[in-house]
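**Q**
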Amino acid sequence: MDTKPFEPKIVAFMCNWCTYGAADLAGVSRLPYPQNIRPIRVMCSATISPHHILRAFQSGADGVFIGGCHIGDCHYIKGNYMTIKRVAFMEDLLNWFGLEGRLHLEWISSAEAQKFVDVIRRFTEKIRALGPNPIPALLKTPKAIWNGADDEGHCANVA
Amino acid sequence: MTNSLADMDRSECLFVIGSNTTETHPMIAKRILRAVERGAALIVADPRHIQLARFATVAVRHRPGTDVALLCGLMHLIVRNNWHDQDYIRQRTEGFSSFERVLQNYPPERVAQITGVAVEDLVRMAEIYATRSPAAIYYAMGITQHTTGVDNVKACANLAMLCGNVGIPGGGVNPLRGQNNVQGACDMGGLPNVLPGYQPVGDEQVRSRFEEVWGTRPPGQMGKTIPEMIQGMQEGRIRALYVIGENPRGSEPHLRHLDSALEKLDLLIVQDIFATPTAQKADVVFAASAVAEKDGTFTNTERRCLRVRKAVDPPGEALEDWRILCRLADALGAPQNFEKPEDIFEEIRRVTPSYAGMTYARLGIDGLQWPCRTEDDPGTPILHVGSFARGRGIFHPVAHKEPAECPDDAYPFILSTGRMFAHYHTGTMTRASTHLDREQHTAYVEIHPKDAQTLSIEDGDQVRVSTRRGAVALEARVTNRVRPGMLFMPFHFQEAAANILTNPAADPVAKIPEYKACAAAIEKIMGGETAQERSV
Amino acid sequence: MKDIVRTWLESGRIDLFLGYRLVDGHPIPHCFSKERLEEVEQLTESLARYPLEKIAHQMLQKDPAVRIGLMARDCTQRSVRVLAAWNQIDMDRIRVLTMSCCPSDAKDKAFCSYLQEPETGPVRKSNGMPSTGDPDDCRVLPAEERLRRWLYEFQKCIKCYGCRDICPVCFCKDCGLEHEDLMDKGVVPPEVPLFHLIRAVHMAGRCVDCGLCEEACPVGIPLRLLYRKVNGIVTDRFGYRVGQTKDQSPFNVLGEFSPLELSSLDD
Amino acid sequence: MDCRLVPSVCSYCGTGCGVLFSVIDGTLVGTYPIKTHPVNEGSLCIKGWNLHEHITSPKRLRNPMIRRNGQLQPVSWDEAIQEAASRLRTVVEEHGPDSVGVLTSAKITNEENYLAQKLARTVIGTNNVDHCARL
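Protein chains in written order, with our numbering: chain A, 23 to 181; chain B, 172 to 707; chain C, 64 to 330; chain D, 21 to 155.
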């Protein structure tokens with residue numbers, strides 16, 4: 023069994039024109055933030071489709087963070103209108119589906135290094151409290167209502 | 172199948188052995204899952220962790236080729252605990268006492284050692300199968316494609332009779348047939364030993380009856396099965412082969428052997444809808460028609476004869492198969508006076524008692540299940556009700572035998588072959604289909620993560636799988652669907668044909684080759700070696 | 064009904080009419096035409112539903128000038144509006160003949176297979192997600208239990224793509240479900256829950272709640288419940304009701320600023 | 021424009037699912053499950069849903085062919101049938117009917133299987149008839 027303490031894996035999609043700059047600035051300014059994020063730079067937060075969010079969770083992410091420009095500041099004028107629609111929708115869907123609180127969207131300008139650090143820290147702590155993404159375990163546990171096979175080829179029996 | 176598909180809704184227990192039903196017979200798996208949700212027990216025994224195992228009450232992964240031992244072990248436990256149906260055995264069967272003695276050789280501890288299934292799992296399987304009635308057995312090629320195929324089937328039948336499950340609704344021994352009309356091809360006498368309706372060629376009276384209708388007396392000497400024909404080709408006794416809608420250069424075991432046999436033929440005629448590898452070797456190719464291009468009937472796994480209707484014309488000059496056959500018979504000086512498939516069906520009715528009551532009008536869309544002897548016979552959903560076709564059911568004692576080829580130092584793995592969900596047989600049809608080809612484009616071999624780690628194979632790596640008969644290069648898929656020490660390959664892919672590897676050793680009675688177990692080796696392909704077959 | 068269809072065909076208001084007729088006792092979709100007017104006598108209502116509008120869509124793609132009449136239930140009419148909203152068909156080319164379907168106080172009969180109890184009797188669901196009709200019924204279950212039950216349902220999937228292939232409003236030429244970078248291919252069940260959630264996302268603001276997907280699903284996944292939920296979110300968040308307007312769903316297009324607020328990390 | 025929906029049976033596995041071919045202007049464009057069919061009750065698997073694709077495939081054989089100078093070349097039906105018949109006759113005359121084998125098919129119809137084995141047994145005169153039931 024894995025006895026290491028749980029360290030959340032968070033996929034962070036960050037807009038090139040704002041949040042990514044904030045992350046960069048935080049680094050240059052020596053502002054410490056948790057090492058749990060796997061940053062992915064995108065040209066606009068609107069390029070993140072629900073597919074990417076779902077793919078991240080499927081690949082084992084414990085949380086997904088999206089950072090975009092403040093409304094009105096979008097480099098492409100209206101890209102972030104789409105972002106918030108999608109994230110609002112995905113939040114509702116994931117909450118209902120049973121994956122609550124693991125997706126978060128924040129508007130962070132390239133000057134807001136401190137805000138970036140605070141948000142990442144708080145989101146990481148939130149995920150840490152929620153625990154690991156439950157999907158892989160539910161698909162594997164022999165105690166679940168369906169049966170899983172262990173490595174020896176012996177299938178657990180559950181009535 | 173002794174019973175019908177609709178019957179599955181009445182089973183209290185379903186025992187699926189040697190069938191990856193969700194992938195190979197998805198619409199039968201539909202009914203299995205429905206039964207599970209209704210509360211029926213599901214027992215799954217398959218060397219791989221198949222999708223159905225996730226929903227099973229008990230699921231075990233036994234070592235490939237140990238089905239007889241597994242089934243005998245279950246029967247041993249059933250008899251030991253007095254769970255068997257003694258009234259049924261007394262009234263409807265014979266040979267139980269000698270059979271019971273053979274079962275003594277299969278105590279659970281020994282069976283666990285042979286099969287790799289834990290004793291407590293064996294006990295649970297036996298108890299569930301024996302105490303939940305009616306219980307049905309479903310099996311497919313995982314049971315039959317072994318050198319012990321016939322024994323495996325007999326063991327299944329023994330188990331069903333032992334618990335009084337043959338001839339009752341919701342029970343039975345139900346082989347799931349692999350091809351759309353394999354049942355019909357057998358019913359129509361597409362076998363060397365029987366005429367249509369399983370009437371033996373050696374029977375004088377039968378041949379006289381056929382002579383009355385056909386005007387020619389059919390020969391009385393038994394013909395050759397496919398493996399015997401291949402042997403005959405090698406020895407020069409078979410000089411011409413007429414292949415209709417089949418691709419032996421994909422489906423036969425040990426393809427090299429087959430190829431050298433085909434070389435020796437004077438004449439190879441192939442009738443197909445695609446330029447299959449077999450057609451590419453042919454001297455004459457007849458362009459035939461696919462399912463939507465002709466009228467006729469298919470008979471499915473539950474013996475249900477169904478109407479097939481023409482929707483479009485065959486492409487180009489291609490002709491309906493029955494027209495090709497009529498023209499060939501004509502050219503050989505034996506004109507067949509059929510204007511449409513229905514005329515042929517009328518003749519079938521005259522010579523095949525089990526189809527006598529069917530007409531195209533009666534078949535409609537629902538079809539009829541044979542035997543259907545008269546025009547007011549509603550058909551027969553369940554066989555052997557009240558008594559067996561032969562009177563009493565016989566318990567055939569069977570004994571465990573290892574596969575013809577077992578793993579050794581040179582070939583340490585057991586290779587099993589079969590189908591995957593998006594493709595079909597040798598892939599001639601499915602790989603011509605855009606969506607299906609997109610779903611799975613390349614050949615692959617499944618290997619357990621532990622074995623993969625030992626051999627430094629990662630998911631997606633190119634590997635070479637070899638046996639004593641040949642080698643192929645293909646992609647590795649690392650998954651715990653297979654047991655450690657086992658490999659699985661689908662045989663749909665010509666460029667890495669699984670049947671280059673398979674063992675032609677066959678069941679002595681049914682001549683069915685052992686596709687499900689042979690010894691194999693696997694290695695990672697390093698550097699720039701091309702993904703081409705190594706000559707052995 | 065037969066008279067209307069005959070009149071429409073004779074007068075040239077439509078070229079073809081898609082309805083049903085009985086073939087060997089089974090209701091089978093049939094295309095009635097002016098040339099074979101006598102066939103209209105066989106026109107029948109059908110309890111079994113086929114996506115007639117999907118067939119009409121295929122016909123219009125071959126010949127945009129053809130005028131088609133449709134025997135239409137309420138759900139058919141909704142999907143015709145959706146297809147028109149997404150520029151797949153020209154509304155002027157379709158003429159619907161309304162048939163009695165979804166029940167209401169004003170109607171004495173309802174013709175819909177969805178309302179029929181399955182012949183095998185009620186299915187006892189001990190493991191999966193009970194298909195109650197209201198997607199929010201499952202809120203009574205704790206989050207992990209909801210997740211567990213949905214995962215159970217999705218693991219049954221045999222990847223037939225039937226939900227997509229029968230869907231009257233699925234018209235994309237390239238389907239995300241078949242995208243190699245998005246999803247592992249060649250395995251069943253398909254990646255759980257990715258496969259079904261991606262399809263659910265695509266149904267948001269588009270699903271007409273006809274239930275054909277759930278009927279076609281070989282393994283009984285309560286897809287209608289799932290798609291009702293995603294549609295419900297679109298209605299709640301954006302006030303859009305599928306099939307009621309000629310507009311595209313605001314969830315699927317950029318549009319103007321939608322007044323949504325960020326959710327806080329403290330929730 | 022013409023559109024027809026033709027009930028038939030799937031030609032992949034042995035389950036025998038009822039399918040509905042949709043034909044627009046003489047071209048197969050789709051496959052649907054028959055909703056009321058006793059076997060599949062309105063569902064199909066991935067192969068069934070795409071049944072029409074292999075039938076309309078451009079790889080389909082459109083002509084009979086004969087091997088000439090090592091190459092398969094398209095010929096007329098009369099030529100192909102005559103070639104097959106005369107060469108079959110030669111083999112039977114020289115080596116007897118039991119030197120011919122006929123592999124019937126689990127993919128063609130009952131009627132065609134019946135004809136194939138009848139051809140083997142009465143016209144050629146051999147019981148060397150088999151098909152891939154074992155494979």
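We put the beta carbon where it would ideally sit given N, CA and C, even for glycine.
Between the segment 21 to 39 of chain D and chain C, which residues of the former have a C-beta closer than 7 Å to a C-beta of the latter?
**A** Going along the segment 21 to 39 of chain D in chain order, one finds Met21, Cys23, Arg24, Leu25 and Pro27 with a Cβ nearer than 7 Å to chain C.
**Q** Starting from the C-beta of isoleucine 199 of chain B, find all residues in its chain whose C-beta is less than 7 Å away, skip the five residues before and the five after it, and write them out in chain order.
**A** As a position in the second sequence, residue 199 of chain B is number 28, starting the count at 1. Excluding sequence neighbours, isoleucine 199 of chain B sits near Leu176, Thr192 and Leu347.
**Q** Is the segment 107 to 127 of chain C touching the segment 68 to 83 of chain C in the sense that three or more CB pairs, one from each, lie closer than 8 Å?
**A** These segments touch.
**Q** So that I know if they touch, is there some Cβ in chain C lying closer than 8 Å to that of histidine 97 of chain A?
**A** Locating residue 97 of chain A in the first sequence gives position 75, where the first residue counts as 1. No, histidine 97 of chain A does not count as interfacial toward chain C.
**Q** Anyone know if the C-beta pair for arginine 269 of chain C and valine 305 of chain C falls short of 8 Å?
**A** Your numbering for residue 269 of chain C matches position 206 in the third sequence. Your numbering for residue 305 of chain C matches position 242 in the third sequence. Yes, these two residues count as a Cβ contact at 8 Å.
**Q** May I ask which residues mark the beginning and end of the beta strand (DSSP E) holding valine 293 of chain C?
**A** For the purposes of this step, residue 293 of chain C is taken as residue 230 along the third sequence, with counting starting at 1. Run containing valine 293 of chain C: none in the beta strand (DSSP E); it sits in the alpha helix (DSSP H), 286 to 301.
**Q** Using a Cβ-Cβ cut-off of less than 8 Å, list which residues of the segment 90 to 108 of chain C approach chain D; keep chain order.
**A** Correct list: Pro90, Ile91, Pro92, His93, Cys94 and Ser96.
**Q** Apart from the five residues on each side of it in sequence, which residues of its chain come closer than 7 Å, Cβ to Cβ, to proline 181 of chain C?
**A** Here residue 181 of chain C refers to the residue found at position 118 of the third sequence. With a pLDDT of only 42 at proline 181 of chain C, under the threshold of 50, the placement of this residue in the model should not be trusted, and no figure is reported.
**Q** Taking Cβ to Cβ, would you say tryptophan 493 of chain B is nearer than 8 Å to lysine 138 of chain D?
**A** Working through the second sequence from its first residue, we reach residue 493 of chain B at position 322. Working through the fourth sequence from its first residue, we reach residue 138 of chain D at position 118. No.
**Q** How would you label glutamate 254 of chain C, buried or exposed, when you count the other beta carbons within 10 angstroms and need 16 or more for buried?
**A** Counting from 1 along the third sequence, the entry for residue 254 of chain C is found at position 191. Looking at its Cβ environment, which holds 16 or more other Cβ atoms inside 10 Å, glutamate 254 of chain C is buried.
**Q** Short check: CB of leucine 47 of chain A to CB of serine 132 of chain A, under 8 Å?
**A** Walking along the first sequence from the start, residue 47 of chain A turns up at place 25. Walking along the first sequence from the start, residue 132 of chain A turns up at place 110. Contact: yes.
**Q** Can you pull the DSSP bridge partners for leucine 133 of chain C?
**A** For the purposes of this step, residue 133 of chain C is taken as the residue at position 70 of the third sequence. For leucine 133 of chain C, which the question treats as bridged, DSSP gives the partners C:Leu81 and C:Val159.
**Q** So proline 684 of chain B packs on asparagine 674 of chain B, CB below 8 Å; how close in whole Å?
**A** In the second sequence, counting from the first residue as 1, residue 684 of chain B sits at position 513. In the second sequence, counting from the first residue as 1, residue 674 of chain B sits at position 503. The Cβ separation is near 7 Å, so the contact holds.
**Q** Excluding the 5 residues preceding and the 5 following serine 194 of chain C in the sequence, name in chain order all residues of the same chain whose CB lies nearer than 6 Å to its CB.
**A** As a working note, residue 194 of chain C is residue 131 in the third sequence. Closer than 6 Å at Cβ, skipping near neighbours: Pro285 and Leu288.
**Q** Which term fits aspartate 358 of chain B, buried or exposed, when burial requires 16 or more other beta carbons within 10 angstroms of its beta carbon?
**A** Within the second sequence, the letter at position 187 stands for residue 358 of chain B. Classification of aspartate 358 of chain B: buried, given that the 10 Å Cβ count is 16 or more.
**Q** In its own chain, which residues sit with a C-beta less than 6 Å from the C-beta of arginine 474 of chain B, not counting the 5 before and 5 after it?
**A** Locating residue 474 of chain B in the second sequence gives position 303, counting from the first residue. Correct list, in chain order: Gln540 and Trp541.
**Q** Exposed or buried, what is glutamine 218 of chain C when buried is set at 16 or more other beta-carbons lying within 10 Å of its beta-carbon?
**A** Stepping through the third sequence from its first residue, residue 218 of chain C is reached at position 155. Buried, since its Cβ has 16 or more Cβ neighbours within 10 Å.
**Q** What is the DSSP secondary structure of asparagine 252 of chain B, reduced to helix, strand or coil?
**A** Here residue 252 of chain B refers to the residue found at position 81 of the second sequence. It is coil, neither helix nor strand.
**Q** What do you get for cysteine 276 of chain C, buried or exposed, if any count of 16 or more other CB atoms within 10 angstroms of its CB means buried?
**A** On the third sequence, residue 276 of chain C is found 213 positions in, with the first residue counted as 1. Buried, since its Cβ has 16 or more Cβ neighbours within 10 Å.
**Q** Report the partner residues of cysteine 184 of chain B according to the DSSP bridge assignment.
**A** As a position in the second sequence, residue 184 of chain B is number 13, starting the count at 1. Cysteine 184 of chain B is bridged to B:Ala212 and B:Ala306.
**Q** At a Cβ cut of 7 Å, what residues of the segment 388 to 401 of chain B count as close to chain D, listed as they run along the chain?
**A** Hits within the stretch, in order: Pro389, Pro390, Gln392, Met393, Gly394, Lys395, Thr396, Ile397 and Met400.
**Q** So which of B:Ala593, B:Ala581 and B:Tyr615 has the shortest CA-CA distance to serine 587 of chain B?
**A** For the purposes of this step, residue 587 of chain B is identified with residue 416 of the second sequence, where counting begins at 1. Comparing Cα-Cα distances from serine 587 of chain B to each of B:Ala593, B:Ala581 and B:Tyr615, the minimum goes to B:Tyr615.
**Q** Going by DSSP, what residue range makes up the alpha helix (DSSP H) through glycine 355 of chain B?
**A** Numbered from its first residue, the second sequence carries residue 355 of chain B at position 184. Its alpha helix (DSSP H) spans residues 353 to 358.
**Q** Flag this pair as touching only if the segment 616 to 630 of chain B and the segment 643 to 653 of chain B have three or more C-beta atom pairs under 8 Å; answer yes or no.
**A** Contact holds: three or more Cβ-Cβ distances are below 8 Å.
**Q** Please confirm whether arginine 234 of chain B has its beta-carbon closer than 8 Å to some beta-carbon of chain D.
**A** Taking the first residue of the second sequence as 1, we reach residue 234 of chain B at position 63. Chain D contact via Cβ: absent.
**Q** On the three-state DSSP scale, how would you describe leucine 672 of chain B?
**A** Residue mapping note: residue 672 of chain B aligns to position 501 of the second sequence, counting from 1. Leucine 672 of chain B: coil per DSSP, three-state reduction.
**Q** Tell me whether leucine 325 of chain C sits in a helix, a strand or coil according to DSSP, three-state version.
**A** Residue numbering aside, residue 325 of chain C sits at position 262 when the third sequence is read from its first letter. Note: leucine 325 of chain C maps to coil in three-state DSSP.
**Q** List the endpoints of the continuous beta strand (DSSP E) containing leucine 125 of chain A.
**A** Residue 125 of chain A sits at position 103 when you count from the first residue of the first sequence. Per DSSP, leucine 125 of chain A belongs to the beta strand (DSSP E) from 125 to 129.
**Q** Ignore the nearest five residues each way along the sequence and tell me which others in threonine 183 of chain C's own chain have a CB closer than 6 Å to its CB.
**A** Taking the first residue of the third sequence as position 1, residue 183 of chain C is located at position 120. Summary for threonine 183 of chain C: the model assigns pLDDT 37, below 50, so the residue's position carries little reliability, and this model does not support an answer.
**Q** By a C-beta neighbour count over all protein chains shown, 10 Å radius and 16 as the cutoff for buried, is methionine 154 of chain C buried or exposed?
**A** Mapped onto the third sequence, residue 154 of chain C falls at position 91. Result: exposed.
**Q** Run down chain B in chain order and give the residues with a C-beta less than 8 Å from the C-beta of valine 251 of chain C.
**A** Stepping through the third sequence from its first residue, residue 251 of chain C is reached at position 188. Near valine 251 of chain C (Cβ distances below 8 Å), the residues of chain B are Thr193, Glu194, Gln222 and Phe592.
**Q** Please report the distance separating the alpha-carbon of alanine 297 of chain B from that of threonine 472 of chain B.
**A** Within the second sequence, numbered from 1, the residue matching residue 297 of chain B stands at position 126. Within the second sequence, numbered from 1, the residue matching residue 472 of chain B stands at position 301. So the two alpha carbons sit approximately 27 Å from each other.
**Q** Under 8 Å between beta-carbons, which chain C residues line up against isoleucine 54 of chain D? List them in chain order, please.
**A** The residue labelled residue 54 of chain D in the question sits at position 34 within the fourth sequence. Residues of chain C passing the Cβ test: His89 and Ile91.
**Q** Helix, strand or coil: how does DSSP classify alanine 453 of chain B here?
**A** Position 282 of the second sequence, counted from the start, is the residue given in the question as residue 453 of chain B. If DSSP states are grouped into helix, strand and coil, alanine 453 of chain B belongs with coil.
**Q** List, in order along the chain, the chain C residues whose C-beta lies closer than 7 Å to that of isoleucine 44 of chain D?
**A** Numbered from 1 along the fourth sequence, position 24 holds the residue referred to as residue 44 of chain D. Neighbours of isoleucine 44 of chain D on chain C, chain order: Gln121, Met122 and Lys125.
**Q** Let me know if aspartate 579 of chain B comes out buried or exposed under the rule of 16 or more other beta-carbons within 10 Å of its beta-carbon.
**A** Position 408 of the second sequence holds residue 579 of chain B. The residue is exposed, with fewer than 16 neighbouring Cβ atoms inside 10 Å.
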